[in-house]
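Residue numbers (the UniProt record's numbering): 1 to 417.
Virtual Cβ for every residue (Gly too), placed ideally from N, Cα, C.
One structure below.
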Amino acid sequence: MSATSSPSATPPSEAARAILVGVDFGRNAAKQGFDESLDELALLAESAGDTPVAKVIARRPAPDAALFVGSGKADEIKLLVQAHQAHTVLFDQAISPAQQRNLEKVLGVPVADRTALILEIFAARAQSHEGKLQVELARLQYLATRLVRRWSHLERQSGGIGMRGGPGEAQIELDRRMIDDRIKKTKERLKQVQRQRSTQRRSRSRNGVFKISLVGYTNAGKSTLFNALTKARAYAANQLFATLDTTTRSLYLEQAGASVSLSDTVGFIRDLPHKLVEAFRATLQEAADADLLLHVVDAASPVLDEQMIEVDKVLEEIGAAGVPQILVYNKQDLLPDDQRPRAPVDALLRNDAAGEPTPRVFVSAVDGTGLAELRELIAQAMQAQPLSSQEYDPRFDTVASPSSDDGEPSPSDPSQA
Ligand SMILES: Nc1nc2c(ncn2[C@@H]2O[C@H](COP(=O)(O)OP(=O)(O)OP(=O)(O)O)[C@@H](O)[C@H]2O)c(=O)[nH]1
Ligand SMILES: [Mg+2]
């Protein structure tokens with residue numbers, strides 16, 4: 001199973017024309033995560049290398065057991081597939097393996113849902129050894145549950161072996177055993193890599209550096225902000241999940257007279273496949289271990305509230321709900337004048353937060369607005385919890401320096417003076 005190693009999207013010649021389908025379950029919409037515009041699905045499709053050519057909205061009170069959308073709507077979609085000579089149909093909600101099989105029979109083209117798309121994007125983006133193993137594990141676990149025609153189409157795209165039209169039953173039985181075997185092996189390899197990683201992380205935390213993680217919905221501008229703050233050149237693009245691996249840089253804060261470590265990592269999305277959260281737990285752990293989270297919000301998004309809720313959900317899931325946050329409302333440059341905030345900094349009382357309002361700053365990572373205020377807020381947060389998990393030594397100013405492994409106090413340890 002090979003994944004392309006460059007972050008670039010599939011070349012246009014291979015771009016598959018895709019029909020996008022969303023189902024509005026009416027009153028249950030919120031639970032089912034309905035997005036009328038299907039904008040996010042379109043961006044997911046593009047990020048996976050497909051070209052959306054048509055959108056279909058179906059309305060029904062509950063999913064159809066066999067076809068998810070019901071047979072009338074399926075016929076309508078089939079006509080669209082033919083009219084646009086589409087290669088694939090993408091569903092905004094999760095569909096079951098049986099629904100997928102039935103739909104593929106009716107529509108005559110591979111069908112995928114959000115989960116499959118997200119997995120595809122992750123597979124194409126993973127750069128580090130650990131990231132690739134994590135994606136491989138999630139893909140195998142997903143693969144183990146279904147017959148996926150689109151998957152073989154994918155294998156072709158990424159240069160692996162695969163066959164058109166999907167495997168036969170005997171082949172599937174074989175594949176299944178092979179997959180189980182590979183899941184076991186991948187888990188073992190991952191465990192090994194993660195042992196090394198946690199040793200590294202421990203040695204970093206023993207250094208007593210104040211650790212900050214950028215978190216937020218995918219495409220909110222985390223990497224752009226990371227670059228603006230650290231003068232780094234992390235990959236930032238108008239794609240979902242442009243970043244998969246964690247990048248950490250040291251950042252000197254004049255206001256605090258000290259350096260902090262800043263990490264940029266994978267973005268969150270609604271209905272992040274659970275297996276993926278599980279597979280990426282080690283990467284996401286970075287956020288849970290942080291002393292402070294910069295929760296980056298795309299202030300220009302019409303659905304920013306929903307996105308923030310989704311981010312909080314994932315933070316909860318990885319045990320980072322208790323880490324102090326600064327809300328960073330990014331992309332201010334995109335807002336019309338009458339929607340700009342009156343003050344560059346304020347605090348927001350969040351629904352579920354008991355008591356304490358969360359500091360909020362309005363920035364533009366692109367034109368630099370509000371970055372000085374953000375640095376000031378970080379310095380204040382450091383003062384509020386200078387000795388959180390470890391001894392905080394303000395003289396320390398590099399992230400990568402090795403620390404002694406034997407637990408001996410370092411020569412600069414103030415308690416030794
Ligand atoms: N106008 C404007 N665009 C921005 C700003 N910050 C980021 N962007 C754009 O938003 C898009 C996403 O930015 P990224 O920094 O890649 O976002 P991210 O949160 O790292 O996204 P993932 O890594 O995909 O989760 C890019 O096209 C950026 O140029 C901003 O302040 N203003
Ligand atoms: Mg990024």
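Taking only three categories from DSSP, how would you classify residue i?
| i | result |
| --- | --- |
| His84 | helix |
| Leu334 | helix |
| Val193 | helix |
| Thr265 | coil |
| Ala58 | strand |
| Arg249 | strand |
| Arg325 | In the sequence on display, residue 325 carries Gln and not Arg. Of the three classes helix, strand and coil, the one that applies to Gln325 here is strand, per DSSP. |
| Gly108 | coil |
| Gly216 | strand |
| Asp271 | coil |
| Leu244 | coil |
Could you tell me if residue i is buried or exposed, where buried requires 16 or more neighbouring beta carbons within 10 angstroms of its beta carbon?
| i | result |
| --- | --- |
| Arg270 | buried |
| Asp289 | buried |
| Ser259 | buried |
| Ala400 | Annotation note: pLDDT 36 at Ala400 (below 50); position unreliable, coordinate value reported separately. It counts as exposed. |
| Ala58 | buried |
| Gly257 | exposed |
| Trp151 | In this prediction, Trp151 has a pLDDT of 45, which is less than 50 and means its spatial position is unreliable; what the coordinates show is noted afterwards. With 16 or more other Cβ atoms within 10 Å, it is buried. |
| Lys222 | buried |
| Gln332 | buried |
| Thr246 | buried |
| Asp312 | buried |
| Leu20 | buried |
| Ser71 | exposed |
| Pro359 | buried |
| Glu130 | buried |
Across which residues does DSSP place residue i in a beta bridge pair?
| i | result |
| --- | --- |
| Ala18 | Pro52, Thr88 |
| Pro359 | Ala347 |
| Phe210 | Val260 |
| His129 | Answer by DSSP bridge pairing: none, since His129 is not bridged. |
| Phe68 | Asp64 |
| Val366 | Partner(s): none; Val366 has no beta bridge. |
Less than 8 Å separating the beta-carbons of residue i and residue j?
| i | j | result |
| --- | --- | --- |
| Lys73 | Leu107 | no |
| Val323 | Leu293 | yes |
| Leu371 | Val345 | no |
| Ala62 | Phe25 | yes |
| Leu272 | Leu119 | no |
| Leu80 | Leu117 | no |
| Val23 | Gln100 | no |
| Leu240 | Asn219 | yes |
| Thr115 | Tyr142 | yes |
| Val366 | Val328 | no |
| Ala144 | Asp113 | no |
| Tyr252 | Glu310 | no |
Among the options, whose alpha-carbon lies nearest the alpha-carbon of residue i?
| i | options | result |
| --- | --- | --- |
| Gln82 | Lys184, Val109, Asp346, Asp39 | Val109 |
| Ser263 | Val215, Gln239, Glu316 | Val215 |
| His274 | Val111, Leu38, Val135, Ala379 | Val135 |
| Lys211 | Met382, Met178, Asn227 | Met382 |
| Ala234 | Gly208, Val266, Tyr252, Tyr217 | Val266 |
| Thr248 | Ala365, Leu304, Lys231 | Lys231 |
| Arg350 | Asp75, Tyr252, Gln325, Leu334 | Gln325 |
| Pro302 | Ser37, His129, Gln127 | Ser37 |
| Asp291 | Gln196, Asp337, Ala384 | Ala384 |
| Ala16 | Glu40, Glu46, Leu41 | Glu46 |
| Gly319 | Arg195, Pro341, Leu41, Glu278 | Glu278 |
| Thr243 | Phe280, Val209, Gly208 | Phe280 |
| Val111 | Arg139, Gln127, Phe68, Leu43 | Phe68 |
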